[in-house]
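Here's the structure we're looking at; comments come further down.
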Amino acid sequence: MDASLASVFVNACLVNNFVLAYFLGICPFLGVSGRVDTAMRMGGAVTFVMLVASVCAFGIHRLLILIGAPYLELISFIVVIASAVQLVEMFVRRTSPTLFRALGVYLPLITTNCAILGLAVFQTNRGYDFPHALAYALGAGAGFSLALLLISGIRERLALRAVPDIAQGLAITLVVAGILSLAFMGFAGMGSAP
Amino acid sequence: MPEELLKGFWRENPVFVQALGMCPTLAVTNSAINALVMGLATTVVLIASGAVISTIRQRIPKQARIATFILIIATFVTCVDYGIQALDISLHAALGAFISLIVVNCLILGRMETFASKQPFLPTLFDGLGMGGGFTLALLCLGSVREILGAGSLFGIQLLPAGFEPWVVMLLPSGGFFVLALWVLVFNRLRQPNPTGAAETRGAI
Chain A
0 MDASLASVFV NACLVNNFVL AYFLGICPFL GVSGRVDTAM RMGGAVTFVM
50 LVASVCAFGI HRLLILIGAP YLELISFIVV IASAVQLVEM FVRRTSPTLF
100 RALGVYLPLI TTNCAILGLA VFQTNRGYDF PHALAYALGA GAGFSLALLL
150 ISGIRERLAL RAVPDIAQGL AITLVVAGIL SLAFMGFAGM GSAP
Chain B
0 MPEELLKGFW RENPVFVQAL GMCPTLAVTN SAINALVMGL ATTVVLIASG
50 AVISTIRQRI PKQARIATFI LIIATFVTCV DYGIQALDIS LHAALGAFIS
100 LIVVNCLILG RMETFASKQP FLPTLFDGLG MGGGFTLALL CLGSVREILG
150 AGSLFGIQLL PAGFEPWVVM LLPSGGFFVL ALWVLVFNRL RQPNPTGAAE
200 TRGAI
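In order, the protein sequence lines correspond to chains A and B.
Residues 0 to 193 in numbering that gives the first Met the number 0 are what the first sequence spells out, letter by letter.
Residues 0 to 204 in numbering that gives the first Met the number 0 are what the second sequence spells out, letter by letter.
Below, the structure is given as structure tokens:
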């Protein structure tokens with residue numbers, strides 16, 4: 000892996016955006032994207048968990064190769080991610096009860112956010128070394144926050160418009176997401192190919 | 000019992016009605032065969048972990064239940080992952096990391112939490128079969144539309160004449176969003192209270 004750190008970052012953030020190109024983390028993308036400020040904080044929380052998960056996944060992968068038990072990889076990843084999310088949840092509850100209420104059920108659900116497990120699996124499959132893994136996690140987190148921010152901004156505007164009854168909610172959000180995803184294809188070719 | 004089986008296909012369809020498990024729904028449905036394999040793999044995990052969890056449901060401590068569910072699900076997903084790898088390596092490559100990501104499919108954890116951990120063995124089996132079937136059906140709906148429009152074929156068999164210019168956008172990520180939006184619209188229309196006899200059809204199903 001000789002790609003530069005910057006290109007790994009740009010690649011994860013824009014070209015292969017986790018939400019709009021890989022379809023990871025669609026649930027919070029559709030669920031907490033109603034308001035801009037909630038979306039921002041959710042992005043921050045997910046980015047932090049991604050960093051923690053990335054460091055842990057790197058260590059676990061090395062350890063499991065050492066003891067020759069690669070089939071335990073998936074199980075160990077998910078356990079570590081679940082503990083990291085628990086940690087973040089405790090931290091958020093202590094420091095900001097309002098944020099805790101705003102994120103609601105989606106905070107514990109970060110555990111089952113495919114973006115996090117996807118990050119761990121992808122970085123292992125691609126054999127990133129430690130700095131590259133960190134850059135990848137940062138890029139993925141930034142890309143997730145960016146996508147969440149964009150769609151929540153659009154949805155705030157959309158709430159004031161007359162949307163046909165039949166398209167309310169899920170359908171119109173999906174159409175908007177599709178258009179966003181089209182726009183992100185304009186970044187293709189930047190950064191390194193996966 | 001047939002009620003447990005059928006609700007997953009229509010009234011509580013996991014994708015179109017409950018909006019669960021969207022990530023694999025969008026990510027692997029660029030061809031019908033991928034959609035079918037993904038749906039079947041999810042169904043297998045759903046049934047197997049449901050069976051285990053409903054059998055031992057009285058012994059699972061309440062505080063640790065989510066962790067227990069996830070561990071059981073992850074075990075079966077690892078089995079399915081290795082199974083597909085053994086059966087067809089090219090298929091495994093096409094689905095990529097998304098087999099592993101069945102672990103975090105909210106559909107599965109949701110069914111375990113709301114159904115399998117409270118119900119006896121047999122209803123759970125039917126529930127898993129129904130929900131898995133409904134999920135596979137939804138994936139096939141998306142996969143076949145995207146493959147027909149994006150490549151002019153279905154299950155790799157050429158359907159449209161050679162002069163057809165494929166809509167490449169359908170195979171790209173944005174195509175997934177658009178086709179899913181259309182299917183959700185169709186479902187909403189069919190479920191609307193009785194403009195054109197839709198309610199009777201629903202009752203019959």
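Glycine included, C-beta positions come from ideal geometry on N, C-alpha and C.
Asked                                                                                                              : Found
C-beta neighbour in chain A for LEU100 (chain B), strict 8 Å                                                       : yes
Cβ separation of ALA137 (chain B) and THR24 (chain B), assumed to be a contact under 8 Å, to the nearest whole Å   : 7 Å
Helix, strand or coil at LEU106 (chain A) [DSSP, three-state]                                                      : coil
Cβ pair PRO165 (chain B), GLY149 (chain B) closer than 8 Å                                                         : yes
Range covered by the alpha helix (DSSP H) that runs through THR172 (chain A)                                       : 169-183
Length of the line joining the Cα atoms of MET169 (chain B) and LEU19 (chain A)                                    : 14 Å
Beta bridge counterpart(s) of SER152 (chain B) as assigned by DSSP                                                 : B:GLN157
Residue range of the unbroken alpha helix (DSSP H) whose run includes ASP80 (chain B)                              : 64-86
ILE80 (chain A): first and last residue of the uninterrupted alpha helix (DSSP H) it sits in                       : 72-94
CB contact below 8 Å: TYR135 (chain A) versus chain B                                                              : no
Within chain B, partners of TYR70 (chain A) - CB distance below 7 Å                                                : THR77
Contact between the segment 40-56 of chain B and the segment 70-81 of chain B (3+ Cβ pairs under 8 Å)              : yes
Where THR195 (chain B) falls: helix, strand or coil (DSSP)                                                         : The predicted model places THR195 (chain B) with a pLDDT of 47, which falls under 50 and marks its position as unreliable, so this point remains unresolved.
Residue-chain proximity (MET89 (chain A), chain B), Cβ-Cβ < 8 Å                                                    : no
Start-to-end residues for the alpha helix (DSSP H) that takes in ILE153 (chain A)                                  : 129-157
Chain-ordered chain B contacts of VAL120 (chain A) [CB-CB under 8 Å]                                               : ALA96, SER99 and LEU100
Residue-chain proximity (ASN124 (chain A), chain B), Cβ-Cβ < 8 Å                                                   : yes
Coarse secondary structure for GLU3 (chain B), derived from DSSP in three states                                   : helix
Under 8 Å between C-beta atoms of PRO13 (chain B) and GLY127 (chain B)                                             : no
Whole-angstrom C-beta distance between ALA18 (chain B) and LEU29 (chain A), which should lie under 8 Å             : 7 Å
Separation of LEU5 (chain B) from PHE121 (chain A), as counted between CA atoms                                    : 36 Å
ALA114 (chain A) vs ALA132 (chain A) beta-carbon contact at 8 Å                                                    : no
C-alpha gap between GLY117 (chain A) and ALA136 (chain A), whole angstroms                                         : 11 Å
Residue-chain proximity (ALA20 (chain A), chain B), Cβ-Cβ < 8 Å                                                    : yes
At least 3 beta-carbon pairs within less than 8 Å: the segment 37-45 of chain A vs the segment 110-121 of chain B  : no
Cβ neighbours of VAL79 (chain A) in the same chain (closer than 6 Å, five flanking residues each side left out)    : CYS55
Three-way DSSP call (helix, strand, coil) for PRO122 (chain B) in this model                                       : helix
Interface positions of the segment 171-185 of chain A facing chain B (Cβ-Cβ less than 7 Å), listed along the chain : LEU173, VAL174, ALA176, GLY177, SER180, LEU181 and MET184
Contact under 8 Å by Cβ, SER151 (chain A) with ALA38 (chain A)                                                     : yes
Local conformation of ARG22 (chain A) per DSSP, three classes                                                      : Per the sequence shown, the amino acid found at residue 22 (chain A) is Phe instead of Arg. Coil.
Neighbourhood of LEU108 (chain B) by C-beta, 8 Å cutoff - its chain only, sequence neighbours within 5 removed     : ILE65, PHE68, ILE69 and ILE72
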